[in-house]
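S.K.:
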Amino acid sequence: MRKGYKAIAGVDEAGRGPLAGPVVAAAVIFENNLGIVNELIDLGVRDSKKIAEKKRESLYEFIINRALSWSVEAVSEKVIDEINILNATKLAMRSSVEKLKINPDFLLIDGNATLESFPISQLAIPKADEYIFSVSAASILAKVTRDRILLQLDKEYPGYEFYRHKGYGTKLHMDILKEKGPCEIHRKSFEPIKSMLGI
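Using the numbering used here, read the sequence shown as starting at 947 and increasing by one per residue.
Below, the structure is given as C-alpha coordinates:
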(Lines of atoms letter the chains of each structure in order from A and count residues from 1; the text may use other names and numbers.)
(Lines give C-alpha, C1' and ligand atoms only; values in the text may rest on other atoms or scores of the structure.)
Protein backbone atom coordinates (compact mmCIF):
# COMPACT_ATOMS: atom_id res chain seq x y z
CA MET A 1 0.00 0.00 0.00
CA ARG A 2 1.59 3.25 -1.07
CA LYS A 3 1.85 5.88 1.65
CA GLY A 4 -0.60 8.73 1.26
CA TYR A 5 -2.98 6.94 -1.11
CA LYS A 6 -6.38 6.11 0.34
CA ALA A 7 -8.22 4.49 -2.56
CA ILE A 8 -6.00 2.16 -4.57
CA ALA A 9 -7.66 0.28 -7.41
CA GLY A 10 -6.35 -2.98 -8.78
CA VAL A 11 -6.90 -3.30 -12.54
CA ASP A 12 -6.66 -6.34 -14.80
CA GLU A 13 -8.11 -7.82 -17.98
CA ALA A 14 -9.23 -11.11 -19.45
CA GLY A 15 -9.40 -12.08 -23.09
CA ARG A 16 -6.48 -10.48 -24.89
CA GLY A 17 -5.47 -13.71 -26.59
CA PRO A 18 -8.69 -15.37 -27.82
CA LEU A 19 -9.76 -15.44 -31.45
CA ALA A 20 -13.35 -14.50 -30.64
CA GLY A 21 -15.42 -12.38 -28.29
CA PRO A 22 -14.67 -9.27 -26.26
CA VAL A 23 -11.80 -8.25 -24.04
CA VAL A 24 -12.97 -7.52 -20.50
CA ALA A 25 -11.33 -5.42 -17.79
CA ALA A 26 -12.15 -4.93 -14.13
CA ALA A 27 -11.15 -2.50 -11.39
CA VAL A 28 -11.47 -3.24 -7.67
CA ILE A 29 -10.96 -1.17 -4.52
CA PHE A 30 -10.80 -2.86 -1.12
CA GLU A 31 -10.85 -1.30 2.31
CA ASN A 32 -7.32 -0.98 3.66
CA ASN A 33 -7.33 -3.33 6.63
CA LEU A 34 -5.76 -6.63 7.63
CA GLY A 35 -9.14 -8.32 8.02
CA ILE A 36 -9.84 -8.11 4.30
CA VAL A 37 -6.29 -9.21 3.43
CA ASN A 38 -6.57 -12.26 5.70
CA GLU A 39 -9.94 -13.19 4.19
CA LEU A 40 -8.48 -12.94 0.69
CA ILE A 41 -5.51 -15.10 1.71
CA ASP A 42 -7.77 -17.71 3.35
CA LEU A 43 -9.98 -17.87 0.27
CA GLY A 44 -7.01 -18.28 -2.05
CA VAL A 45 -7.55 -15.17 -4.14
CA ARG A 46 -4.87 -15.05 -6.83
CA ASP A 47 -4.44 -14.94 -10.60
CA SER A 48 -7.74 -16.12 -12.10
CA LYS A 49 -5.95 -18.39 -14.58
CA LYS A 50 -4.69 -20.48 -11.66
CA ILE A 51 -8.12 -20.98 -10.06
CA ALA A 52 -10.68 -23.60 -11.06
CA GLU A 53 -13.86 -22.29 -12.70
CA LYS A 54 -16.17 -23.24 -9.79
CA LYS A 55 -13.85 -21.56 -7.30
CA ARG A 56 -13.70 -18.40 -9.46
CA GLU A 57 -17.49 -18.17 -9.37
CA SER A 58 -17.60 -18.30 -5.57
CA LEU A 59 -14.74 -15.80 -5.29
CA TYR A 60 -16.58 -13.48 -7.69
CA GLU A 61 -19.50 -13.30 -5.25
CA PHE A 62 -17.17 -12.67 -2.32
CA ILE A 63 -15.33 -9.89 -4.14
CA ILE A 64 -18.39 -7.97 -5.28
CA ASN A 65 -19.84 -8.18 -1.75
CA ARG A 66 -16.67 -7.17 0.10
CA ALA A 67 -15.08 -4.62 -2.22
CA LEU A 68 -15.60 -0.94 -1.46
CA SER A 69 -16.09 -0.43 -5.17
CA TRP A 70 -15.80 -2.57 -8.30
CA SER A 71 -16.54 -2.27 -11.99
CA VAL A 72 -16.30 -4.45 -15.08
CA GLU A 73 -16.29 -3.27 -18.70
CA ALA A 74 -16.17 -5.17 -22.01
CA VAL A 75 -14.93 -3.99 -25.39
CA SER A 76 -16.33 -5.93 -28.34
CA GLU A 77 -14.46 -7.83 -31.01
CA LYS A 78 -15.60 -5.22 -33.54
CA VAL A 79 -13.84 -2.45 -31.61
CA ILE A 80 -10.80 -4.71 -31.16
CA ASP A 81 -10.63 -5.05 -34.96
CA GLU A 82 -10.91 -1.27 -35.36
CA ILE A 83 -8.33 -0.07 -32.81
CA ASN A 84 -6.23 -3.24 -32.13
CA ILE A 85 -6.15 -5.42 -29.04
CA LEU A 86 -3.71 -3.31 -27.01
CA ASN A 87 -5.77 -0.15 -27.42
CA ALA A 88 -9.00 -2.07 -26.82
CA THR A 89 -7.58 -3.52 -23.61
CA LYS A 90 -6.58 -0.07 -22.39
CA LEU A 91 -10.02 1.27 -23.34
CA ALA A 92 -11.68 -1.47 -21.27
CA MET A 93 -9.38 -0.70 -18.33
CA ARG A 94 -10.00 3.04 -18.52
CA SER A 95 -13.75 2.47 -18.72
CA SER A 96 -13.72 0.13 -15.74
CA VAL A 97 -11.84 2.68 -13.63
CA GLU A 98 -14.13 5.53 -14.73
CA LYS A 99 -17.21 3.50 -13.72
CA LEU A 100 -16.02 2.96 -10.12
CA LYS A 101 -18.33 4.56 -7.57
CA ILE A 102 -15.30 5.64 -5.54
CA ASN A 103 -12.70 7.72 -7.33
CA PRO A 104 -9.32 5.99 -6.92
CA ASP A 105 -6.21 8.06 -6.29
CA PHE A 106 -3.82 5.33 -7.47
CA LEU A 107 -3.99 2.41 -9.92
CA LEU A 108 -2.08 -0.86 -9.77
CA ILE A 109 -2.26 -2.41 -13.24
CA ASP A 110 -1.30 -5.94 -14.21
CA GLY A 111 1.19 -5.95 -17.07
CA ASN A 112 3.84 -3.59 -18.34
CA ALA A 113 1.78 -0.73 -19.79
CA THR A 114 0.12 2.16 -17.99
CA LEU A 115 -2.87 4.14 -19.25
CA GLU A 116 -1.50 7.13 -21.12
CA SER A 117 -2.96 10.60 -20.53
CA PHE A 118 -5.06 9.29 -17.65
CA PRO A 119 -5.43 11.71 -14.72
CA ILE A 120 -4.70 9.17 -11.97
CA SER A 121 -1.30 8.12 -10.64
CA GLN A 122 -0.56 4.54 -11.63
CA LEU A 123 1.96 1.76 -11.75
CA ALA A 124 2.07 -1.20 -14.13
CA ILE A 125 3.53 -4.37 -12.62
CA PRO A 126 4.06 -7.59 -14.59
CA LYS A 127 2.30 -10.55 -12.91
CA ALA A 128 0.70 -8.24 -10.33
CA ASP A 129 -2.33 -10.53 -10.42
CA GLU A 130 -0.24 -13.20 -8.67
CA TYR A 131 0.58 -11.26 -5.50
CA ILE A 132 -1.44 -8.01 -5.25
CA PHE A 133 -4.89 -8.87 -3.94
CA SER A 134 -6.86 -6.05 -5.56
CA VAL A 135 -5.33 -6.94 -8.94
CA SER A 136 -6.03 -10.65 -8.37
CA ALA A 137 -9.62 -9.74 -7.56
CA ALA A 138 -9.89 -7.67 -10.73
CA SER A 139 -8.50 -10.63 -12.67
CA ILE A 140 -11.21 -12.88 -11.24
CA LEU A 141 -14.04 -10.43 -11.97
CA ALA A 142 -12.84 -9.93 -15.53
CA LYS A 143 -12.41 -13.66 -16.19
CA VAL A 144 -15.76 -14.70 -14.72
CA THR A 145 -17.57 -11.92 -16.58
CA ARG A 146 -15.95 -12.83 -19.88
CA ASP A 147 -16.71 -16.52 -19.42
CA ARG A 148 -20.37 -15.65 -18.78
CA ILE A 149 -20.45 -13.56 -21.94
CA LEU A 150 -19.04 -16.47 -23.94
CA LEU A 151 -21.64 -18.84 -22.48
CA GLN A 152 -24.33 -16.49 -23.77
CA LEU A 153 -22.62 -16.17 -27.16
CA ASP A 154 -22.50 -19.97 -27.36
CA LYS A 155 -26.31 -19.94 -27.42
CA GLU A 156 -26.34 -17.30 -30.15
CA TYR A 157 -23.77 -19.10 -32.29
CA PRO A 158 -24.46 -22.84 -31.84
CA GLY A 159 -21.95 -25.31 -33.16
CA TYR A 160 -18.85 -23.27 -32.27
CA GLU A 161 -18.73 -24.64 -28.71
CA PHE A 162 -17.70 -21.32 -27.19
CA TYR A 163 -18.83 -22.67 -23.83
CA ARG A 164 -15.88 -25.06 -23.92
CA HIS A 165 -12.94 -23.10 -25.36
CA LYS A 166 -14.15 -19.54 -24.57
CA GLY A 167 -12.81 -18.31 -27.90
CA TYR A 168 -9.20 -19.34 -27.33
CA GLY A 169 -7.29 -20.98 -30.16
CA THR A 170 -7.51 -24.54 -28.85
CA LYS A 171 -7.37 -27.59 -31.12
CA LEU A 172 -11.15 -27.97 -30.74
CA HIS A 173 -11.74 -24.38 -31.77
CA MET A 174 -9.36 -24.63 -34.72
CA ASP A 175 -11.02 -27.84 -35.93
CA ILE A 176 -14.44 -26.16 -35.78
CA LEU A 177 -13.10 -23.13 -37.65
CA LYS A 178 -11.73 -25.35 -40.41
CA GLU A 179 -15.12 -26.99 -40.76
CA LYS A 180 -17.47 -24.02 -40.35
CA GLY A 181 -15.33 -20.93 -40.95
CA PRO A 182 -15.38 -17.84 -38.72
CA CYS A 183 -18.63 -16.36 -37.42
CA GLU A 184 -19.65 -12.80 -36.62
CA ILE A 185 -17.90 -12.62 -33.24
CA HIS A 186 -14.50 -13.81 -34.46
CA ARG A 187 -11.76 -11.18 -34.42
CA LYS A 188 -11.15 -10.42 -38.08
CA SER A 189 -7.80 -8.72 -37.37
CA PHE A 190 -6.37 -11.84 -35.67
CA GLU A 191 -4.57 -14.68 -37.38
CA PRO A 192 -5.64 -17.26 -38.45
CA ILE A 193 -9.10 -15.66 -38.82
CA LYS A 194 -7.64 -12.97 -41.08
CA SER A 195 -6.22 -15.57 -43.46
CA MET A 196 -9.37 -17.66 -43.44
CA LEU A 197 -11.34 -14.62 -44.60
CA GLY A 198 -8.70 -13.69 -47.17
CA ILE A 199 -8.15 -10.27 -45.61
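Beta carbons: idealized from backbone N, C-alpha and C, even for Gly.
Which residue marks the beginning of the beta strand (DSSP E) containing Leu1053, and which one marks its end?
M.R.: Working through the sequence shown from its first residue, we reach residue 1053 at position 107. Its beta strand (DSSP E) spans residues Phe1052 to Asp1056.
S.K.: With three or more beta-carbon pairs closer than 8 angstroms as the criterion, would you say the region 1064-1071 touches the region 1087-1098?
M.R.: No, they do not touch.
S.K.: Look at the Cβ atom of Val1018, then the Cβ atom of Ala1074, and state whether they are nearer than 8 angstroms.
M.R.: On the sequence shown, residue 1018 is found 72 positions in, with the first residue counted as 1. On the sequence shown, residue 1074 is found 128 positions in, with the first residue counted as 1. The answer is no: Cβ separation not under 8 angstroms.
S.K.: Would you check if there are 3 or more beta carbon pairs closer than 8 angstroms linking the region 956-971 to the region 1077-1091?
M.R.: As far as the Cβ criterion goes, the region 956-971 touches the region 1077-1091, which means the pair count is three or higher.
S.K.: Alpha carbon to alpha carbon, what distance is there between Phe1079 and Ile1048?
M.R.: The residue you call residue 1048 lines up with position 102 of the sequence shown. The residue you call residue 1079 lines up with position 133 of the sequence shown. Going by the C-alpha atoms only, they are around 18 angstroms apart.
S.K.: Would you list, in sequence order, the uninterrupted beta strand (DSSP E) runs of no fewer than 3 residues that lie entirely inside the region 960-1042?
M.R.: For the region 960-1042, whole beta strand (DSSP E) runs of length 3 or above, ordered along the chain, are 969-975 and 1015-1021.
S.K.: Can you tell me whether DSSP reads Ser1085 as helix, strand or coil?
M.R.: Translated into the one-based positions of the sequence shown, residue 1085 becomes position 139. Three-state result, Ser1085: helix.
S.K.: If we ignore side chains and look at the alpha-carbon of each, how far apart do Tyr1109 and Gly1127 end up?
M.R.: Position 163 of the sequence shown, counted from the first residue, corresponds to residue 1109. Position 181 of the sequence shown, counted from the first residue, corresponds to residue 1127. Taking the straight line from one Cα to the other gives about 18 angstroms.
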